[in-house]
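Engineer: Starting off with a structure, shown below.
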């Protein structure tokens, strides 16, 4: 903004132009969507498209506009059903699809590989959410290690993973049912732990509420919680944390 | 009942008497309370007095009536504030009081000591509920071992208790916050585990709801859950389980 | 573990080998699943496969690996839809299927028959959950008696079952709607009662919440509660309780 | 209203007067309260004063105005703390107080005694609510029989009351905790059953929610439910039902 | 029971027979169902079959057994989908079906017609539940008047129905959304009001919770509430109330 | 009403007729629906047909009757699936359909255009609800400006809309997930803000509960909230507010 | 902002000064509070002090700073306990206190009186919240009429207020318990209705939740809802609506 | 552990000793507490004492034992009422107390100061929780900047803090009511954001639930949430994140 004001003062930019730029610059309007083109600069990654509740036509239109100016950035579409991918592949042939995690990824150019993010899942049924987290972190330029099905019913399984726990810079714990794995891992490490409750379970799991409450009440410190089934959010936060080392 | 019918048939008991006995026998009415005098026979322990919501006068009256015919049985009053004890001690001088667990116990005669019940608590703040469970089990004739403050934030604490876990016939796990200890213990043993959620915690623990839901959703099997803060219920169920060995 | 350490001291096992064994021994990793091969030893029954949320391929792979080393143990798969059974039967021809309870059972070798577990259901609609409990207990080696549709709206139905209540060592009560049967049975017996709320009902049953809360608040003692519709958990806990008599 | 219109047509009442009466007649305004003076006619009993949340001054002012024109009717004040009674007694010396039920009653003239209403309570702690129901019904002119502390943990207690269940025209069941007594009584009678959940309990009773849900989900038909702790509402509805016989 | 005991005393019935009869008499066991054959005597109407959650085969078998001994009684099946009716009609050709209310009715012999029950619905979408209530009351021998779509958004609609409100002996109010009609009607009459919340609505109606809570908190007295969408329960309770006049 | 009474006094209207008119006038009965024909007069717009839960036949019948006497008024049907429109178009050929908002609109004659209502949506997925609000306001005679996808994750998007915020007389904010846009807009304007939470989101959005609670707790004043997904209600309230200027 | 940029361009303001002003201008920082000094301009009324959760010292400091520059504006403090007033009166002698509504008002200079806002309360116990709404509207320059205790249990009370309903430009409905008054009023008027649920009630009112849900589900349109007990919010929104007429 | 096994192999440690050490080493038992003495090594900070629910005697005893071996580490006690501090100061004279945050801090030796953590609060009433977070981070060796009362009702307040947002390595957002500040800040930065919902609010804030749900549903990514009012947890997690840079 300082640059903009400087320009006005220097009369390089007219006053009207200044007001116009101040308002219109950082996004573009498609009518049904207002794209945040500067997110790559402000947040380090282009806007991610959350596909649920959008029509296929809207998704493709958003994607095409986002690609303009982000030709060298990776891109990500979450909660994408197969029919979304069928349309996206027409417009962006290099797009990849991961059906389990329901994600579409577009890899462009090179990406540095930041130090390790560890993704743990309590059960096999939690893997789709865990993969959403892992793939998000990978697309954003992080190395990811996956360790799945190490829930607390067999506590020795996670205890045997001390090497991985030590080597990781950030740990993502994905668990449904009672979500106890987050507390146990939180007590074993001093690395930041991101807990993702899942809707895996039935009855009194109430769609993931049980795991969510458990993780929020973790008796171990150092645990931040994201929304139920929000693997993307966990991967994104892990990326933001992992990137910290670089900026010193 | 068969005996009663036999008596009627043999004309030892008149018909009217039979009807009267069938109805009136197993309890006594105090107006404000209908005492279940046969509970000792039917359930193996006299009726326990839950003091919350009763006046001191009601409690003393109930206790005195229960004592008649239960002179050789231990008795128990739960959720008893100190002023209740002050009144009870007048009527039953041998009554003992445990303020932490808010329990009054009356020991009468000898009691066999059944094999071990292990009571674990996740934190120091869970001890009042854990003590309610432990004392209940002791009054009913069980040996109890207590291991407190072994929550999962330091998982090695409970792992070091493998001897106690092996020796116990029944295990009671008392935990607030996220209640994860129940799942971990459930995975370490094949003994019946009784989980007691406590209201220890704040915010999204919602008065123990978080621990309750976690325990109900335990990924480890073999865990039965009782009401929030219901140490008495856990001790009572543990006694019923522990007694099973005898009756074979 | 003592054995392992002894081996290291005696130089029968190298140090590196000791570290490796300590970590890797009790489970096997399939990538998507981390199998707990020692559960038969630690818990008395091999790991049970909860099929919901797993692909058919994952289930078959898990089952095949579990069978290695458990050739003489019974096995159990819960929440198995018919298409799961179609695949399992290819790999394990002796597998049996119970569609009502959605369970697959594999019987291997002989099993002792422990004393009786009684399974009560309040209504006809609760039978699928009741059968999950009953079959679980049977596969694990217990005799089971079933008494169905004896809810409290006709209280004489359960009162007429006093013989069965007397003979049982453990009682499982399966009930939806208001779940009152658990309290009534809890008051009639001194045997451990395991209460299973079901999602049978509508409106303010809120998917079984009404029955769950009722059972947790049972005015009769000696009742442990498992998750809504968790017939398996009830059968498993009943087995752990029933087995207690043997180990004295 | 027909009378009023007739009067207008006959010119006994002027038009303006007609409009005025139509609006202002059936209540009086005190500024802070708008009294419904015709409720005795429309509903068969004068407006009842719910004292919670009103100042003592407001209560006395309302009572005095209600007494005008209701000199021969009984009156009722609910949720009245002792200090309310201290003020009321000054204004209405014949007012009676029942501290347990927190009710003030004013008896005026004679009252027929309609056939029996039976009030059952599950526990001793439920008596204050049960008394609110019983006293309400009595003030409104019904005979009431009380049977307290007959909860389902000792099912024979309520089963022994078949005479009372047979003789009653309406049955009020007051129960906290799991509220199962309503279902059991509903199954034993074809009389209308009014169920009153109470806030007696702790933990997962959630202030009476458990009992409320249980009663709404009663597997026995013929049960109508009122608000938690709403003894007054139950007594009032019972009166309305009991009065039906008269009007034939 | 007195008769049975008398028979034993007179040696008309052997003792063993007495014990057997006492237990086995009032119901029959089908394995999956325990039929309460004496409900007609105890409750004035045979057991009603709630079809949800039962297989078609179970329903037909229950119905056939219930018909034995109830040849002259009307019968009722609720929550019956069309395929249930297709099977029932084979076994009971005189069975009638009402698809809106999802009810099957079997009329046998004559039925007295008791005085009027008024069924009000707040909206058109509430009619299926209202019809369940109305048909239940009719099958049980009551005259029913229906007044539909008179919700409080146009308060004059219900105010114009004062004749019907006056003539009714019992009033059933069926309403979804905010359920305010119950309070308004409760204030207009001194007849017993049975309120049925429905799941009609969306968003913050939470499946009928909003209407349920509103009805429980009715500022007008004399309102008893049944479960969400429980038209049957309302009709059944109305019948029990309406029948009161007869028994005096 | 004064007119009616005047007519009675003048004997232009008989007394019986007066009673009849007073009751029957302002609506018509179709059996399943009680139409409020005077709503145009009392509320300024004819009754709107909420189609969910009504059969196509009912909807068409209601629409036809409403059209009588409203020939010059616009009409509105909400929550109308395509099959409803297929039937309506037969009866009312000029009816228009907006599938995204699931609305049918009938434009009749001219409509004034009141000053601007601004409809903001936080995301693209919120557009169906936003359109329901916008179309409702338009049908009722208001100018509407739409600004979509300006959620707070890119706060500059809404900040750039200050002109629109200034020009609007009423602002409708439609947002799911955390619903924060309502608070931000509330702080930027002194115009009335109507907040519409949507069910857009997953997990702990609990069907729109998160956005609903957030909007109710807005730290900015001047925000009124309607039901989750209730675009119609927002548009209707905005119309009522916007019309205020005219009536001065 | 345009002015500021103009100043920069004209070199009347240095660039640094411009950046500084742009950021710091519209509020002042007290450390514990960041005062929004331009709210009078942006929102038409100075910042209102919500006293709950603030110390008396903080409140007085905030008030004194707000007064600077608002010497001719009225001011408002809500949720102020008497001890807050005792301190405020020292600093601002002209401050007035309304203990029922717990509000402190400072009147400065003259205020126009906009056309009428009608405040209705369902019961006497709702008056404190109703007064908070009424006083807020008055301080902000609106005429207010109060009509209290006209709940739907005596529907004729509110029906008799048609004159007041007609004359009002905005209507605020304050109701606890089942909150039905909002729907009834919404159906009687085409003026904007602001509904304020209150926490008046007990049991299943769940602290005002019942009234809140009822109001959100109002079957009558044109109703906007604010938080439970939020009289201030209702008065503030009513002011924003009422002011609309002026700005045309 | 490798060291321990090496010692056994080398016969420097006896086998029995090895088993004993393996189990008993990392904690100490006080009966009521099991202290985790190695937490400084495993987690980088000694065990923190959560004082709520513990007696003053227990707290002092725990503190004294923790001090042994942690003489050069800072220590922290949370949720400490003044009477706890009065006792602690006797035992640890250098202990400091912060009454607003209810924290006791013991500073020992020097601490490096890691780069900046920014703590934002939405309101003045949120400061106690914000201070708990800030002090926790400071005691653990981080620089902290505080910016309070910058909620979204005046969005320019937080927008003016771009310098602080840029300079921070981790951002903690503390907000009650609707908790919208977390989403807004999440959209303005690519730094990790830790959101702390507070119980500030009333009515439908339901003790912080509204803010909690809002934060979990943040439309901006990169936000991790901790329990309601859990300032400590946020400070602790921020420390773990901030420490990451060091370990590269």
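Residue numbers (our numbering), protein chains in the order written: chain P, 5 to 252; chain E, 5 to 252; chain D, 5 to 252; chain W, 5 to 252; chain B, 5 to 252; chain U, 5 to 252; chain Y, 5 to 252; chain H, 5 to 252. Yeah, the Cβ is synthetic: ideal placement off N, Cα and C, and Gly gets one too.
#1: Over what stretch of residues does the alpha helix (DSSP H) that includes residue 181 of chain B continue unbroken?
#2: When we look at the beta-carbon of residue 157 of chain P and count the other beta-carbons within 10 Å, is it buried (16 or more) or exposed?
#3: Would you report the Cα separation of residue 174 of chain D and residue 215 of chain D, rounded to the nearest angstrom?
#4: Examine chain D for any beta-carbon lying closer than 8 Å to the beta-carbon of residue 131 of chain W, and answer yes or no.
#5: Under a CB-based cut-off of 8 Å, is residue 58 of chain E close to chain W?
#6: Kindly list the residues whose CB is nearer than 6 Å to the CB of residue 205 of chain P, restricted to its own chain and excluding five residues on each side of it in sequence; keep chain order.
#7: Does DSSP put residue 173 of chain U in a helix, in a strand, or in coil?
#8: Run the CB neighbour count on residue 153 of chain D, radius 10 Å, all protein chains shown included, and call it buried at 16 or more, exposed below.
#9: Give me the DSSP bridge partner(s) of residue 231 of chain B.
#10: Between which residues of its own chain and residue 130 of chain H is the CB-CB distance below 7 Å, once the five residues before and five after are set aside?
#11: Based on Cα-Cα distance, which residue from Y:171, Y:163, Y:172 lies nearest to residue 188 of chain Y?
#12: When the cut-off is 8 Å and only beta carbons count, does residue 94 of chain E lie next to chain W?
#13: Alpha carbon to alpha carbon, what distance is there between residue 16 of chain Y and residue 65 of chain Y?
#14: With 8 Å set as the bound, which would you pick, yes or no: does the beta-carbon of residue 235 of chain E sit closer than that to a beta-carbon of chain H?
#15: Runs of 3 residues minimum, wholly inside the segment 76-105 of chain Y: which ones carry the beta strand (DSSP E) assignment?
#16: Under the three-state reduction of DSSP, which class applies to residue 149 of chain U: helix, strand or coil?
#17: Would residue 60 of chain D and residue 79 of chain D be called neighbours here (beta carbons separated by less than 8 Å)?
#18: Which bits of chain B does residue 36 of chain U rub up against, with CB to CB less than 8 Å?
#19: Using three-state DSSP, classify residue 216 of chain H as helix, strand or coil.
#20: Going by DSSP, name the residue or residues bridged to residue 199 of chain D.
#21: Provide the residue span of the alpha helix (DSSP H) that contains residue 69 of chain Y, from first to last.
#22: State the beta-bridge partners of residue 187 of chain D as determined by DSSP.
#23: For residue 247 of chain D, count neighbouring C-beta atoms within 10 Å of its own C-beta (all shown protein chains included) and say buried if the count is 16 or more, exposed if not.
#24: Taking 8 Å as the CB-CB limit, is residue 195 of chain E close to chain D?
#25: Measuring CA to CA, which of H:232, H:223, H:231, H:52 is closest to residue 159 of chain U?
#26: If residue 234 of chain H sits next to residue 207 of chain E, beta carbons under 8 Å apart, how far is it from one beta carbon to the other, in whole angstroms?
Structural biologist: Straight from the coordinates:
#1: Under the DSSP assignment, residue 181 of chain B falls outside any alpha helix (DSSP H); it carries neither an H nor an E label.
#2: With 16 or more other Cβ atoms within 10 Å, it is buried.
#3: The alpha-carbon atoms of residue 174 of chain D and residue 215 of chain D are separated by roughly 20 Å.
#4: Residue contact check for residue 131 of chain W against chain D: no CB pair falls below 8 Å.
#5: The Cβ of residue 58 of chain E sits closer than 8 Å to at least one Cβ of chain W.
#6: If you ignore the 5 residues before and after residue 205 of chain P, its C-beta comes within less than 6 Å of the C-beta of 180, 181, all in its own chain and listed in chain order.
#7: DSSP places residue 173 of chain U in the coil class of the three-state scheme, outside both helix and strand.
#8: Only buried fits residue 153 of chain D, as 16 or more other CB atoms lie within 10 angstroms of its CB.
#9: Beta-bridge pairing links residue 231 of chain B to no other residue.
#10: Excluding sequence neighbours, residue 130 of chain H sits near 178, 179, 180, 202, 204.
#11: Measuring from the Cα of residue 188 of chain Y, the nearest candidate turns out to be Y:163.
#12: Chain W places no beta carbon closer than 8 Å to that of residue 94 of chain E, leaving this residue out of the contacts.
#13: A direct Cα-to-Cα measurement between residue 65 of chain Y and residue 16 of chain Y gives close to 34 Å.
#14: Not closer than 8 Å to any Cβ of chain H, the Cβ of residue 235 of chain E fails to qualify, so no.
#15: Runs of the beta strand (DSSP E) inside the segment 76-105 of chain Y: 79-82, 100-102.
#16: Looking at residue 149 of chain U - three-state DSSP - the assignment turns out to be strand.
#17: For residue 60 of chain D and residue 79 of chain D, no; Cβs fall outside 8 Å.
#18: Ordered by position in chain B, the residues that pass the 8 Å Cβ test against residue 36 of chain U are 128, 131, 152, 153.
#19: Per DSSP, reduced to three states, the secondary structure at residue 216 of chain H is helical.
#20: Its beta-bridge partners are D:177, D:229.
#21: That run of the alpha helix (DSSP H) goes 60-71.
#22: For residue 187 of chain D, which the question treats as bridged, DSSP gives no partner whatsoever.
#23: When all chains shown are included, residue 247 of chain D counts as buried.
#24: Judged by the 8 Å Cβ criterion, residue 195 of chain E is in contact with chain D.
#25: Of the candidates H:232, H:223, H:231, H:52, H:223 places its Cα closest to the Cα of residue 159 of chain U.
#26: Between residue 207 of chain E and residue 234 of chain H the Cβ distance is about 6 Å, and since that is below 8 Å, they are a contact.
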